[in-house]
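Residue numbers (our numbering): 405 to 662.
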């Protein structure tokens with residue numbers, strides 16, 4: 405059992421809490437039983453798994469699966485788990501996995517989400533989860549958004565990170581144009597329109613375009629939308645959380661197409 409937070413392996417894993425280290429090593433962290441289960445379910449490669457004895461005793465079937473799938477398994481102390489996890493109360497397991505080429509979303513597609521300059525990992529993870537639940541074909545983020553494999557993004561996605569095609573774009577304008585050329589309508593949100601999102605026709609192939617939590621979409625990107633819609637709100641409320649807005653529109657698409 406590894407009990408020292410100064411162990412070389414533990415120090416290497418802990419460094420992956422940092423975005424620069426993840427990029428340099430092309431590795432990232434998976435935390436928690438549910439994410440490990442989802443990784444195993446899709447045969448995502450795991451290089452190193454660290455867990456406590458209590459976790460091992462409580463999850464014999466998953467432990468057996470990890471013995472077959474994982475390159476290295478280590479039992480560690482509670483103190484070690486707390487040092488390498490990014491959560492306040494980790495549930496006893498943390499893994500190190502290789503970054504892999506993302507399965508990019510298809511062009512064209514029936515329903516696509518494109519996100520510009522998303523900064524909050526919880527928001528991005530929640531939108532990944534909502535997109536998967538709504539049957540989205542794929543999700544794109546701009547290069548200046550939070551990393552797709554940020555630990556908080558992974559946790560907030562509730563495992564759907566492994567199941568939704570995702571890509572990172574260096575030029576959203578070109579990406580959007582490529583969808584439009586294939587007959588996909590681009591829909592964005594704004595408060596400066598009379599069209600409510602439930603009045604828009606979202607039955608045809610659609611790309612939902614959403615922007616930064618504080619600033620929203622840039623004027624240049626907003627101008628590319630074929631249709632701008634609003635989400636009606638009480639007069640005293642200025643705006644919605646971007647993840648909430650995404651979920652509302654995506655499930656309106658699902659409702660119209662059902």
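Just so you know, even glycine gets a beta-carbon here, dropped at the ideal spot from N, CA and C. The structure presented is a predicted model; accordingly, all values stated were derived computationally and were not measured.
Residues bridged to residue i [DSSP beta-bridge criterion]
{"i": "residue 478", "result": "454"}
{"i": "residue 563", "result": "None, per the DSSP bridge assignment."}
{"i": "residue 502", "result": "431"}
Residue i versus residue j - alpha carbon distance
{"i": "residue 628", "j": "residue 532", "result": "23 Å"}
{"i": "residue 617", "j": "residue 495", "result": "30 Å"}
{"i": "residue 423", "j": "residue 565", "result": "18 Å"}
{"i": "residue 599", "j": "residue 559", "result": "35 Å"}
{"i": "residue 640", "j": "residue 405", "result": "57 Å"}
{"i": "residue 602", "j": "residue 486", "result": "46 Å"}
{"i": "residue 484", "j": "residue 620", "result": "40 Å"}
{"i": "residue 574", "j": "residue 597", "result": "29 Å"}
{"i": "residue 570", "j": "residue 561", "result": "13 Å"}
{"i": "residue 631", "j": "residue 587", "result": "14 Å"}
{"i": "residue 592", "j": "residue 572", "result": "19 Å"}
{"i": "residue 493", "j": "residue 589", "result": "44 Å"}
{"i": "residue 563", "j": "residue 468", "result": "20 Å"}
{"i": "residue 584", "j": "residue 567", "result": "25 Å"}
{"i": "residue 657", "j": "residue 637", "result": "19 Å"}
{"i": "residue 456", "j": "residue 464", "result": "12 Å"}
Same chain, Cβ closer than 6 Å to residue i, five either side skipped, listed in chain order
{"i": "residue 474", "result": "450 and 453"}
{"i": "residue 595", "result": "634"}
{"i": "residue 615", "result": "520 and 621"}
{"i": "residue 548", "result": "521"}
Cutoff 7 Å; reference residue i; Cβ partners in own chain excluding five residues on either side
{"i": "residue 489", "result": "435 and 498"}
{"i": "residue 651", "result": "534"}
{"i": "residue 458", "result": "496"}
{"i": "residue 660", "result": "606 and 607"}
{"i": "residue 448", "result": "501 and 566"}
{"i": "residue 386", "result": "Because the chain in this structure spans residues 405 to 662, residue 386 falls outside the shown range and cannot be described."}
Expected contact under 8 Å - CB spacing of residue i and residue j to nearest Å
{"i": "residue 653", "j": "residue 611", "result": "Going by Cβ atoms, the distance from residue 653 to residue 611 rounds to 11 Å, so no, they are not a contact pair."}
{"i": "residue 663", "j": "residue 536", "result": "Residue 663 lies beyond the residue range present for the chain, which begins at 405 and ends at 662; the question has no answer from this structure."}
{"i": "residue 470", "j": "residue 441", "result": "Going by Cβ atoms, the distance from residue 470 to residue 441 rounds to 10 Å, so no, they are not a contact pair."}
{"i": "residue 625", "j": "residue 577", "result": "7 Å"}
Close-in-space but distant-in-sequence residues of the same chain around residue i (CB under 8 Å, 5 per side omitted)
{"i": "residue 556", "result": "490, 525, 526 and 529"}
{"i": "residue 503", "result": "426, 430, 431, 432 and 553"}
{"i": "residue 417", "result": "433, 452, 454, 488, 498 and 500"}
{"i": "residue 550", "result": "522, 523, 524, 525, 528 and 557"}
(request) Say whether the stretch 537-557 touches the stretch 505-520, bearing in mind that this needs 3 or more beta-carbon pairs closer than 8 Å, one atom from each stretch. (result) Touching, per the Cβ criterion.
(request) Inspect the CB distances between the stretch 634-646 and the stretch 520-538 and report whether three or more fall short of 8 Å. (result) Between the stretch 634-646 and the stretch 520-538 there are three or more C-beta pairs closer than 8 Å, enough to call the two in contact.
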